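A short write-up of the structure that comes next.
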Amino acid sequence: KQWYQRRVAITAGITIWNRTALRAESLVGVLREELPQCTVEHCQTVHDTCKNADIICTVTSSRSPVLSLGDVKDGAHVNVVGGTSPSAREVADDLMLSEKLRVFADSYDSAYKEAGDIMQTKVEVYSEIGEVFAGKKDYTWSPSNVTLFKNSGLGCQDVVCANLVYRKYIENQSC
Numbered sequence: 001k002q003w004y005q006r007r008v009a010i011t012a013g014i015t016i017w018n019r020t021a022l023r024a025e026s027l028v029g030v031l032r033e034e035l036p037q038c039t040v041e042h043c044q045t046v047h048d049t050c051k052n053a054d055i056i057c058t059v060t061s062s063r064s065p066v067l068s069l070g071d072v073k074d075g076a077h078v079n080v081v082g083g084t085s086p087s088a089r090e091v092a093d094d095l096m097l098s099e100k101l102r103v104f105a106d107s108y109d110s111a112y113k114e115a116g117d118i119m120q121t122k123v124e125v126y127s128e129i130g131e132v133f134a135g136k137k138d139y140t141w142s143p144s145n146v147t148l149f150k151n152s153g154l155g156c157q158d159v160v161c162a163n164l165v166y167r168k169y170i171e172n173q174s175c
């Protein structure tokens, strides 16, 4: 099993959208093979992909938003991990400026200096995700809210990932 099969339990299904249908279909094929217990579908529109999703991940290098408030149901969580530059946009203003939205980031500094979705809308970052995990900042989820995590990527994350890859490599070496 792949690492994500051991650590994540997907109970409903996965929907995929890509501007290039062939790439979406390719990913659907891979996921169907690696996650046979899941329903995996390619949808033709962002709205159809996201309208019933509990968790939405945007992974683009877009300079124009692909996800709007009307695409996201109440109670959903959005991971915004693509395009980290002042000109990058994955999320439309109507969602970024919605009263329903609570924004979290890996770093205040990177969010306010590198994340176009945050910089261009001047939305407030409620908390760094580490503050929540450490119990320094409280957040109570509401089924009427939408949470958004902007991951800009931090050097310390790269070091931790590199260490994990190195340890797995060493673990799998035979003498």
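In our numbering, the protein residues as written are 1 to 175.
Every residue gets a Cβ at the ideal spot worked out from N, C-alpha and C, and that includes glycine.
These numbers come from a predicted model, not from an experiment.
How would you write the range of the alpha helix (DSSP H) that Trp95 sits in, first residue to last? Rather than Trp, the amino acid found at residue 95 in this sequence is Leu. Here the alpha helix (DSSP H) through Leu95 covers 93-96.
Where does Leu35 fall in DSSP's three states? coil
Between Glu114 and Ser85, which are expected to be in contact by the criterion C-beta below 8 Å, what is the C-beta distance as a whole number of angstroms? 6 Å
Can you give the beta carbon distance from Gly198 to Glu33, rounded, assuming they're within the 8 Å contact cut? Beyond the ends of the chain as shown, which are 1 and 175, falls residue 198; an answer cannot be given.
Determine the DSSP secondary structure at Val132, reduced to helix, strand or coil. helix
Closest by CA to Asp58, which one among Trp17, Met96, Ala105? Here the sequence assigns Thr to residue 58, which means Asp is not the residue at that position. If we check each option's Cα against that of Thr58, Trp17 comes out closest.
4-residue-minimum alpha helix (DSSP H) runs that sit fully inside the region 53-107, ordered along the chain: 93-96
Can you tell which of Val30, Tyr108, Tyr126, Thr49 has the C-alpha that lies nearest to the C-alpha of Arg19? Thr49
For Phe150, which residues from the same chain have a beta carbon less than 7 Å from its beta carbon, with the 5 sequence-adjacent residues on both sides left out? Note that residue 150 is Lys in the sequence shown, not Phe. Counting only Cβ-Cβ distances below 7 Å, and skipping sequence neighbours, we find Val80, Val103, Ala105, Ala111, Ala115, Asp117, Ile118.
Put Ser127 into one of helix, strand or coil per three-state DSSP. strand
On a CA-only basis, which of Gly75, Ser107, Leu97 is nearest Pro143? Give me that one, please. Gly75
If you reduce the DSSP assignment to three classes, tell me which class Met121 lands in. Strictly speaking, residue 121 in this sequence is Thr, with Met absent from that position. Three-state result, Thr121: helix.
Looking at Ala88 and Ser107, is the spacing between their C-beta atoms short of 8 Å? no
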